[in-house]
Ligand SMILES: *Cc1c(COP(=O)(O)O)cnc(C)c1O
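Right under this line is the structure:
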């Protein structure tokens, strides 16, 4: 494993780490991060090659194992998150799957909050049990439910917060305590919060996963993911699985993500300000049945938001009165906000979860998750907030 790293900038501010962490310049002194689009590496001698394989020489061997551009992205993510180690993956789902599957074996048990991204739910509910790893889905807002779900063989707790798409906020610190008392590890999918607004490792989580596809790229180009944890956890539980099974991030995508991180701070701040302004402009609108925004005083878990998040959210959830027909009329009347199941983009995007991201679930499960047919999830982009609010209000008039 390569140990070639840039000097740590962990003592500097987050904004500075986003731009400079992980950069190790080549002999040409390039300004931007170099893109090492190479599968492998050559060695000056057979002895050097052999030393590379024993680990006595800290260089690169093969890009499935590590690559200079991917390592730079991993180091920038680790320093941003306050993690000892990071491993990049080809997508967010590769990160979630590896983080859950790699440390476990047949006979183990996982407890997870039932409100989560559709593909994560597939991994927990359908995939793990096929390999003898039992799972229990619970209402993650109910701390007693986590406690009651624990079995002697429980090894992992898994949650996302804020949840997709209903933006519930789970108490990460309290859930980490229950996990650790049960000798289980807590894995947190931090996509919706972004590294800017929430640091699960500081709150007690053991592993953090991201889909870098969302805010980290932030401009709708590449898929990617990352797993962050202590050096020991990554080395003992994750690394061998990634090396040998190969869900590797391409160096090109790592380069795009590095460039994305440089602007992550300003983008997420602007998107959050836009989302907050939209939430305030829409709250109480007569065509809406409800609105949920982490950061508003009327959020059901406002106290937890204040305790564990540094900012609100780039996402707003709201339900229109009149079910799917009204929701579709509203979506089709939007001119600026685009209909898309993605999020975290420079463009404002809106999705109807009941017919897209959560359509696979039975209606009674959607009801349990509070995803009704009038519910919409808006991801605020970088446009001027007045243009976005005007577009949304005009479309509400069309219902
Ligand atoms: C998008 C997303 C994922 C999956 O990421 P991909 O990069 O699409 O594989 C996982 N969790 C959450 C919360 C997401 O929003």
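In my numbering, the protein residues as written are -5 to 393. The beta-carbon is built from N, C-alpha and C at its ideal position, and this holds for glycine as well.
Relative to the C-alpha of residue 189, which candidate in 46, 145, 308 has its C-alpha closest? Numbered from 1 along the chain shown, position 195 holds the residue referred to as residue 189. The residue with the shortest Cα to Cα distance from residue 189 is 308.
First and last residue of the uninterrupted alpha helix (DSSP H) at residue 47: The residue labelled residue 47 in the question sits at position 53 within the chain shown. Its alpha helix (DSSP H) spans residues 40 to 48.
Can you list the alpha helix (DSSP H) stretches of 4 or more residues lying completely in the segment 273 to 298, in chain order? The segment 273 to 298 contains no whole alpha helix (DSSP H) run of 4 or more residues.
Check residue 246 in the structure and name its three-state DSSP category. Along the chain shown, read from residue 1 onward, the residue named residue 246 stands at position 252. Three-state result, residue 246: helix.
Member of 248, 149, 38 whose CA lies at the smallest distance from the CA of residue 28: Here residue 28 refers to the residue found at position 34 of the chain shown. Ranking the options by Cα distance to residue 28, first place goes to 248.
Let me check you understand the geometry: is the CB of residue 208 closer than 8 Å to at least one non-hydrogen atom of ligand 1? Here residue 208 refers to the residue found at position 214 when the chain shown is read from its first residue. For ligand 1, at least one heavy atom lies less than 8 Å from the Cβ of residue 208.
Supposed contact pair residue 73 and residue 15 - C-beta distance, whole angstroms, cut 8 Å: As a first step, residue 15 must be located in the chain shown, where it is residue number 21. As a first step, residue 73 must be located in the chain shown, where it is residue number 79. Confirmed, about 4 Å.
Output the boundary residues of the alpha helix (DSSP H) element that contains residue 116. As a first step, residue 116 is located in the chain shown; it is residue number 122 there, counting from the start. First-last of the alpha helix (DSSP H) with residue 116: 112 to 116.
Ordered list of beta strand (DSSP E) runs contained in the segment 141 to 185, each at least 3 residues: 148 to 154, 179 to 183
If you follow the alpha helix (DSSP H) that residue 431 is in, where does it begin and where does it stop? Residue 431 is absent from the model: the chain starts at -5 and stops at 393.
Simplified DSSP state of residue 304, which is helix, strand or coil: For this step, residue 304 is matched to residue 310 along the chain shown. Looking at residue 304 - three-state DSSP - the assignment turns out to be coil, as it is neither helix nor strand.
Out of 377, 357, 324, which one is the CA nearest neighbour of residue 370? Sequence index remark: in the chain shown, residue 370 carries index 376 (1-based). Of the candidates 377, 357, 324, 324 places its Cα closest to the Cα of residue 370.
According to DSSP, which residues form a beta bridge with residue 344? Here residue 344 corresponds to residue number 350 of the chain shown, with the count starting at 1. Residue 344 pairs with 333, 372.
At which residues does the alpha helix (DSSP H) containing residue 207 begin and terminate? Taking the chain shown and counting its residues from 1, one reaches residue 207 at position 213. Residue 207 -> no alpha helix (DSSP H), and no H or E assigned at all.
Tell me whether the segment 39 to 48 and the segment 169 to 186 touch, counting them as touching only if at least three CB pairs, one residue from each stretch, are closer than 8 Å. In this structure the segment 39 to 48 does not touch the segment 169 to 186; the number of beta carbon pairs closer than 8 Å is below three.
Using CA atoms only, rank isn't needed, just tell me which of 102, 186, 271, 25 is closest to residue 377. Your numbering for residue 377 matches position 383 in the chain shown. Per the Cα distances, 271.
Mind the definition here: the segment 199 to 214 touches the segment 81 to 101 only if three or more C-beta pairs lie below 8 Å; say whether that holds. yes
Among residues of its own chain, excluding the 5 on either side of residue 76, which ones have a beta-carbon nearer than 7 Å to its beta-carbon? For the purposes of this step, residue 76 is taken as the residue at position 82 of the chain shown. These residues qualify, in order along the chain: 193, 195, 196.
Verify the contact flag: residue 205, CB atom, against every heavy atom of ligand 1, threshold strictly below 8 Å. Here residue 205 is taken as the residue at index 211 of the chain shown, counted from 1. Checking every heavy atom of ligand 1 against the Cβ of residue 205, one is found closer than 8 Å.
Are the segment 270 to 285 and the segment 297 to 304 touching, with three or more C-beta to C-beta distances below 8 Å? no
Could you tell me if residue 352 is buried or exposed, where buried requires 16 or more neighbouring beta carbons within 10 angstroms of its beta carbon? For this step, residue 352 is matched to residue 358 along the chain shown. Buried, by the Cβ-count rule.
One or two residues paired with residue 240 in a DSSP bridge: Looking up residue 240 in the chain shown gives position 246. Its beta-bridge partners do not exist; DSSP assigns none.
Between residue 105 and residue 122, what straight-line distance do the alpha-carbon atoms span, to the nearest angstrom? Locating residue 105 in the chain shown gives position 111, where the first residue counts as 1. Locating residue 122 in the chain shown gives position 128, where the first residue counts as 1. Distance between the alpha carbons of residue 105 and residue 122: 12 Å.
Helix, strand or coil at residue 266 according to DSSP, with G and I counted as helix: Counting from 1 along the chain shown, the entry for residue 266 is found at position 272. Correct three-state label for residue 266: helix.
Between the CA atoms of residue 18 and residue 261 - distance to the nearest angstrom: For this step, residue 261 is matched to residue 267 along the chain shown. For this step, residue 18 is matched to residue 24 along the chain shown. Going from the Cα of residue 261 to the Cα of residue 18 covers about 25 Å.
Answer yes or no: do residue 150 and residue 117 have a C-beta to C-beta separation smaller than 9 Å? Sequence index remark: in the chain shown, residue 150 carries index 156 (1-based). Sequence index remark: in the chain shown, residue 117 carries index 123 (1-based). No, they are not a contact pair.
Going by DSSP, which residues form a beta bridge with residue 83? Here residue 83 corresponds to residue number 89 of the chain shown, with the count starting at 1. For residue 83, which the question treats as bridged, DSSP gives the partners 219.
Using 8 Å as the cut-off, classify the Cβ of residue 337 as near or not near the heavy atoms of ligand 1, replying yes or no. One-based indexing of the chain shown puts residue 337 at position 343. Ligand 1 has a heavy atom closer than 8 Å to the beta-carbon of residue 337.
Between residue 58 and residue 11, what straight-line distance do the alpha-carbon atoms span, to the nearest angstrom? Taking the first residue of the chain shown as 1, we reach residue 58 at position 64. Taking the first residue of the chain shown as 1, we reach residue 11 at position 17. Taking the straight line from one Cα to the other gives about 26 Å.
Evaluate residue 147 with the Cβ neighbour count: other Cβ atoms within 10 Å of its Cβ, from every protein chain shown; 16 or more gives buried, anything less gives exposed. Mapped onto the chain shown, residue 147 falls at position 153. Residue 147 should be labelled exposed.
With a threshold of 8 Å (Cβ to nearest heavy atom), would residue 250 be considered close to ligand 1? Taking the first residue of the chain shown as position 1, residue 250 is located at position 256. No, ligand 1 has no heavy atom inside 8 Å of this Cβ.
Is residue 120 near ligand 1, with its Cβ less than 8 Å from a heavy atom? Reading the chain shown from its first residue, position 126 is the one you call residue 120. No, ligand 1 has no heavy atom inside 8 Å of this Cβ.
What's the gap between the Cα of residue 81 and the Cα of residue 201? By one-based count along the chain shown, residue 81 stands at place 87. By one-based count along the chain shown, residue 201 stands at place 207. Straight-line Cα distance between these residues: approximately 11 Å.
Compare the C-beta of residue 135 against all C-beta atoms of chain C and say whether one is closer than 9 Å. The structure shown contains no chain C, having only a single protein chain.
Just verifying my parser: in three-state terms, what is the DSSP assignment at residue 130? As a working note, residue 130 is residue 136 in the chain shown. In this structure, residue 130 counts as strand in the three-state DSSP scheme.
Pull up the CB-CB distance for residue 314 and residue 393, whole angstroms please, since I reckon it's below 8 Å. The count along the chain shown starts at 1 and reaches residue 314 at position 320. The count along the chain shown starts at 1 and reaches residue 393 at position 399. About 6 Å separates the two Cβ atoms, so the contact holds.
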